[in-house]
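Residue numbers (this note's numbering): 6 to 187.
Remarks on the structure that follows.
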Amino acid sequence: MTHVSTDPLFAAVLISDGPHPDIPPQHRLFAPLIGSWDLLITWLDSGGETVRQERGEWHFSWVLEGRAIQDVWLWPPRSDRVTRPGEGEYGTSLRYFDAALGVWHSLWVGPMHNYVRRFTARRVGDTVVLETLAGDQPAMRWTFDAIERDAFTWRNEVLDDAGWRIQQHFAARRTATHDDPA
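Listed below in structure tokens is the structure:
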């Protein structure tokens with residue numbers, strides 16, 4: 006079901022033009038992702054073999070006075086959802102910077118499958134690594150890598166008896182930018 010809000014005020018109070026000045030430029034880890042992206046999503050089995058590939062979309066925006074970044078991730082893409090009802094996922098993450106800890110907190114919600122995951126994010130070299138909170142099972146690591154103006158990769162790893170195993174991989178290509186002073 007697609008519904009367009011008849012209240013433009015909601016979008017106006019949620020979406021921000023850019024980051025809040027309280028977030029130092031060196032801590033704006035997710036700023037390069039602001040905009041819209043086409044995805045090639047690959048799922049891998051426990052042996053690292055591809056078991057499925059799908060197209061998807063990912064959209065990022067500054068929100069809440071620029072104090073947070075929200076994204077919406079979905080597959081299949083909106084153009085295919087009418088012909089594939091009930092398939093895929095349509096979820097969101099909300100990320101905000103915690104200056105006291107020097108990390109970003111991130112909450113992923115996938116309502117179609119009743120999925121909620123909590124992470125903290127840090128820069129590790131040229132990558133952005135999100136790790137589940139201690140005690141959350143299974144332990145997961147999400148990594149944004151090879152971040153360029155018009156492309157990036159993302160991987161979802163799970164910790165099992167053999168160590169960290171990639172279970173999902175995204176190849177992202179930018180489709181739209183949003184003016185972002187970051």
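Just so you know, even glycine gets a beta-carbon here, dropped at the ideal spot from N, CA and C.
Every value quoted in this text rests on a predicted model; they were computed, and no experiment measured them.
- CA nearest to the CA of F149, picked from F102, D166, H174: For the residues F102, D166, H174, the minimum Cα distance to F149 belongs to H174.
- Query: Quick one, are the C-beta atoms of W113 and R122 less than 7 Å apart?
  - Reply: Contact flag set, yes.
- Query: Is the CB-CB distance between S111 and L138 below 7 Å?
  - Reply: Their beta carbons are not under 7 Å apart, which means S111 does not touch L138 by this criterion.
- Message: Going by beta-carbon coordinates alone, are S66 and I20 separated by less than 7 Å?
- Response: Cβ atoms of S66 and I20: closer than 7 Å.
- Query: How about P82 and R89: are their beta carbons less than 7 Å apart?
  - Reply: Here P82 is not near R89, since their CB atoms are 7 Å or more apart.
- What's the C-alpha gap between R170 and P13? One C-alpha to the other measures close to 43 Å.
- Run the CB neighbour count on S84, radius 10 Å, all protein chains shown included, and call it buried at 16 or more, exposed below. Counting Cβ neighbours within 10 Å, S84 comes out exposed, since fewer than 16 surround it.
- Message: Just to confirm my understanding: we take P186, look at its own chain, exclude 5 residues before and 5 after, and list those with CB closer than 6 Å. What are they?
- Response: Model confidence at P186 stands at a pLDDT of 44, short of 50, so the residue's coordinates are unreliable and nothing is read from them.
- Span of the alpha helix (DSSP H), counted from its first residue to its last, around S84: Here the alpha helix (DSSP H) through S84 covers 83-86.
- Message: Beta-carbon within less than 8 Å of E70's beta-carbon, same chain only, minus the 5 sequence neighbours each way: which residues are those?
- Response: Here E70 has S21, H25 as same chain residues with Cβ atoms under 8 Å from its own Cβ, once five neighbours each way along the sequence are excluded.
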